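Protein chains: 4
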Amino acid sequence: MIRAETKIRVRYGETDQMGYAYYGVYAQYYEVGRVEAMRLLGFSYKEVEARGILMPVIDYSITYKKPAFYDDEITVVTLIKEIPRSVKIVFDYECYNAANELLNTGKVTLVFIDKEKNKPVAAPDWFLKGIQPHFH
Amino acid sequence: MIRAETKIRVRYGETDQMGYAYYGVYAQYYEVGRVEAMRLLGFSYKEVEARGILMPVIDYSITYKKPAFYDDEITVVTLIKEIPRSVKIVFDYECYNAANELLNTGKVTLVFIDKEKNKPVAAPDWFLKGIQPHFH
Amino acid sequence: MIRAETKIRVRYGETDQMGYAYYGVYAQYYEVGRVEAMRLLGFSYKEVEARGILMPVIDYSITYKKPAFYDDEITVVTLIKEIPRSVKIVFDYECYNAANELLNTGKVTLVFIDKEKNKPVAAPDWFLKGIQPHFH
Amino acid sequence: MIRAETKIRVRYGETDQMGYAYYGVYAQYYEVGRVEAMRLLGFSYKEVEARGILMPVIDYSITYKKPAFYDDEITVVTLIKEIPRSVKIVFDYECYNAANELLNTGKVTLVFIDKEKNKPVAAPDWFLKGIQPHFH
């Protein structure tokens, strides 16, 4: 399993008039967490695109337990629980505040797309080589 | 059933370097659709808050079929399929592009919160009065 | 002179915990106004990029007089006061709320960039042809 | 003089289809830099609001020299060059990329607002006490 922890501080512009971090902002927080998880595989998402693979999101779900507030430091825990065996990869999420309270949980599924052909493809070998050492 | 259609044009700042409308931007589009659906009930979401009710999102899921692009005019179809019978209300979504292709489908669940007590409450009577005429 | 009016409604996700439309959101509102102004020239900004010209912003300033609030309908007035005579074009802005109160004024300067050469270029002829009929 | 350095990594959702960090996103980066500068004064912006003072932006300008790209680590340098002598405070900015190239410079003016009275007020004594030790 791959597990990455990322700290993100809630920006003023990310709050809404309820005083909460806007429910839509977690898509960005999860994206940041995903990037950190991928760095553990030995490459950045930037390099993934440079190698001709795009990874658009095809499914995203999030369940909110508690709000985050302005200036809160949030810990985004990003998990890859399984080696991708098809054209898809799944990231699981948990967000915590500084008091270690669970704020939300979520799941994001991305698909590997060959940029040239604009078609889904199986996870590339170099991607799998990065991920396999983490799974025993 | 309640059904609202809202037209939204993709802004440049909402695209990402893939050239897609960023996956996180639909939370805002859905919110705009929700507001339009609620206007059909005879009040704005602004008035809901003014009457002491907050409606934070507690669950959000979206499945992406096709991307939207810069300057595309998107139709957000927002549906309330059931009268809320508890502290929650569910909105269903479908997004289409100008060629009437389905871009994504989603579901957002909100909870009624009494602002003063900061506690979940059943849907207020005035809310139900607005919604009931649409369900026969 | 070119003058375009665009109506934009403030989204919930665009407010901050002060209850104001976040000061950073006007960059998007101005961008939307700019696109509408350019439609008056006979082409969309999307077509400009398709013809090999990028128009990044090189200067942006805004002075805020009054805040906008959630669900307010804002009128963005976008002006092109001069035919571009170099590699730059200037857009002037005024934003009003529904009570016709001036919310802010601003100015955005963009530069014409040849996408292939990645260099500034003079405003293309087809761009000038679109703009000239509006100036007598 | 007060000088704060803040590192911010460009998120995917902050890029646009030109591949640049969207011109509108710097308002948030500058806000983050401002918050860090204020921490040097001995309090957070959160505490400022808790003490009954709001600090909305009344003027914002930015000049872009070079774009930032996805995953770039940007250094936001935030400067307070003068002790506020009226109801306003000015922050100056410089943004650099990892190669230490100047990306943009800017200036943001905020006004001290008494939250209860909803009126501009002079910078509070406790604010000035935090700032004065940095100016000798």
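Chains as they are written, first to last, in this note's numbering: chain A, 1 to 136; chain B, 137 to 272; chain C, 273 to 408; chain D, 409 to 544. We treat Cβ as the ideally placed atom computed from N, Cα and C, and that holds for glycine. For clarity, every value in this text was computed on a predicted model and none was experimentally measured.
Cutting at 6 angstroms between CB atoms, please list the residues of its own chain near residue i, excluding the five before and the five after it.
i	result
residue 48/A	none
residue 459/D	none
residue 182/B	none
residue 110/A	55, 57, 89
residue 137/B	217
residue 262/B	none
residue 468/D	516
Helix, strand or coil for residue i per DSSP?
i	result
residue 126/B	Look at the range of chain B in this structure, 137 to 272, and you will see that residue 126/B is not part of it.
residue 399/C	helix
residue 31/A	helix
residue 10/A	coil
residue 22/A	coil
residue 257/B	coil
residue 87/A	coil
residue 354/C	coil
residue 411/D	strand
residue 101/A	coil
residue 230/B	strand
residue 515/D	strand
Keeping to the same chain, check which residues put their C-beta closer than 7 angstroms to that of residue i; ignore five residues upstream and five downstream.
i	result
residue 97/A	68, 72, 74, 103
residue 140/B	169, 172, 173, 176, 214
residue 337/C	374, 375, 376
Hey, out of the options, whose CA is closest to residue i's CA?
i	options	result
residue 224/B	201/B, 250/B, 270/B	250/B
residue 153/B	206/B, 177/B, 178/B, 191/B	206/B
residue 395/C	335/C, 332/C, 312/C, 356/C	356/C
residue 527/D	462/D, 540/D, 501/D	462/D
residue 330/C	314/C, 379/C, 399/C	379/C
residue 62/A	43/A, 22/A, 56/A, 42/A	22/A
residue 484/D	499/D, 472/D, 503/D, 473/D	503/D
residue 403/C	303/C, 299/C, 280/C, 314/C	314/C
residue 434/D	501/D, 452/D, 494/D	501/D
residue 301/C	405/C, 280/C, 397/C	280/C
residue 121/A	91/A, 86/A, 133/A	86/A
Answer with buried or exposed for residue i, where buried requires no fewer than 16 other C-beta atoms within 10 angstroms of its C-beta.
i	result
residue 419/D	buried
residue 99/A	exposed
residue 384/C	buried
residue 271/B	exposed
residue 137/A	No information on residue 137/A is available, as it lies outside the stretch 1 to 136 that chain A covers here.
residue 388/C	exposed
residue 509/D	exposed
residue 149/B	buried
residue 303/C	buried
By Cβ distance, which residues of its chain are closer than 8 angstroms to residue i, with the 5 residues on each side in sequence left out?
i	result
residue 536/D	491, 492
residue 452/D	443, 446
residue 287/C	293, 294, 341, 342
residue 541/D	none
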